[in-house]
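To keep things clear, I will list the structure first and then write my remarks on it.
In this note's numbering, the protein residues as written are 94 to 450.
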């Protein structure tokens, strides 16, 4: 069942974890705890009055735009291709200055000047999108297993629910979207796994989060049974589940899972934090970002999962108040939920001429 509170929660939650972690992404744990105290960073670090999001949230918004572009243009047999077009628009925001010729773009987001901000964009994503043709699972563009594939696909799990499309197919779209830029199995299979958890968490009010994770594990183990590295991913997922149920320090647990710079580790850290603090958004994302690894990505994925599971109403207001681009994030979340067909929709996803007041 669709619940707009969960759509908004997933995208705002992901952006919140991203923004909290972005401030400490390249800091050692010693530096984090020296600067912010023994609890680490627990509040946004503001720049010009806002909590800045990173490329993780930027690319998530363009993922959503790609899905809605495909729907508006009746290109639902090629969601990954439409997402690729929108990612190439995002690439322009990182290389060109605002404004650009929107007639040569596929995303209404190109009318939003605030998205033309360089927030440590991933080298793998940038180089892959500069190529004439991006990658697929069958024809990998590289051998990267970086977390840039998984950190941006949550909107796919939101947009599709099991009643409208088999979960296997939803998972495949997630993997295809990640494989556009990340060719290693551990770069795109974690994206399928995340999409699966998001879809179940967002659309099944009575399902426990652990049950959603276990269902994901069973499905990806079957769906990618022939993948060379599937065993490594499943082992890490099992470790994350086990640690979430143990009496262990969060940093110790995260160290046992990795640093999050690669896709399987980022997913595992997020699963650990979301499962351990499944009813406490605040504690989950604080745990997810206070480590020496890819803090914004692990924070973003944790926020996506718990935002979809708990809904916006369970996210403390402090995470929304100063969040950069919160108006655009809400708007994209509502469009994913409504999938509307009116003049505003046409201006956004067909004419690409929509501009916010």
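C-beta atoms are modelled at their ideal positions from N, C-alpha and C, and glycine is treated no differently.
As the structure is a prediction and not an experimental result, all values here were calculated from the model.
Between residue 183 and residue 209, the gap from beta carbon to beta carbon reaches 7 Å or more.
DSSP, read as helix, strand or coil, puts residue 416 in strand. Nearest Cα to residue 110 within the set 366, 357, 99 and 123: 366. Runs of alpha helix (DSSP H) with 4 or more residues, each lying fully within the stretch 118-188, are found at 122-129, 148-165 and 172-188, listed in chain order. When the Cα atoms are used, residue 196 and residue 206 turn out to be separated by approximately 16 Å.
Beta-bridge partners assigned by DSSP to residue 195: none are found.
Each of 257, 277 and 249 was checked against the Cα of residue 231, and the nearest Cα belongs to 277.
Sequence-distant Cβ neighbours of residue 250 in its own chain, meaning closer than 6 Å and more than five residues away, are 288, 291 and 292. Residue environment analysis places residue 119 among the exposed positions, since fewer than 16 neighbouring C-beta atoms fall within 10 angstroms of its C-beta.
Beta-bridge partners of residue 267 (DSSP): none assigned. Nearest to residue 326 by alpha-carbon distance, out of 362, 346, 339 and 338, is 362.
Considering only 227, 97, 108 and 217, the residue with the shortest C-alpha distance to residue 394 is 108. Beta-bridge partners assigned by DSSP to residue 239: 355. Beta-carbon to beta-carbon, residue 442 and residue 162 are separated by about 5 Å, close enough to satisfy the 8 Å threshold. Rounded to whole angstroms, the Cβ separation of residue 445 and residue 147 is 24 Å, and the two are not in contact under 8 Å. Looking at the backbone, the Cα of residue 346 and that of residue 336 are separated by about 6 Å.
Per DSSP, residue 340 is not a residue of any alpha helix (DSSP H), being assigned neither H nor E. In the structure shown, residue 206 adopts helical secondary structure according to DSSP, grouped into three states.
Close CB contacts of residue 314 within its chain, under the 7 Å cut and outside five residues either way in sequence, are with 323 and 327 (chain order). Between residue 101 and residue 377, the CB-CB gap reaches or exceeds 7 Å. Between the stretch 297-306 and the stretch 268-285 there are fewer than three inter-stretch CB-CB distances shorter than 8 Å, so the stretches are not counted as touching. In this structure residue 282 touches residue 320 by the C-beta definition: roughly 6 Å separates them, less than 8 Å. Residue 384 and residue 198 have their alpha carbons spaced roughly 38 Å apart.
For residue 259, the secondary structure class from DSSP, reduced to helix, strand or coil, is coil. If you look at residue 316, you'll find it in the alpha helix (DSSP H) that goes 302-316. Nearest in C-alpha terms to residue 113, of all of 136, 122, 124 and 152, is 136. Under the criterion of beta carbons closer than 8 Å, residue 157 and residue 214 do not qualify as touching, at roughly 18 Å. The straight-line gap separating the alpha-carbon atoms of residue 127 and residue 410 is approximately 27 Å.
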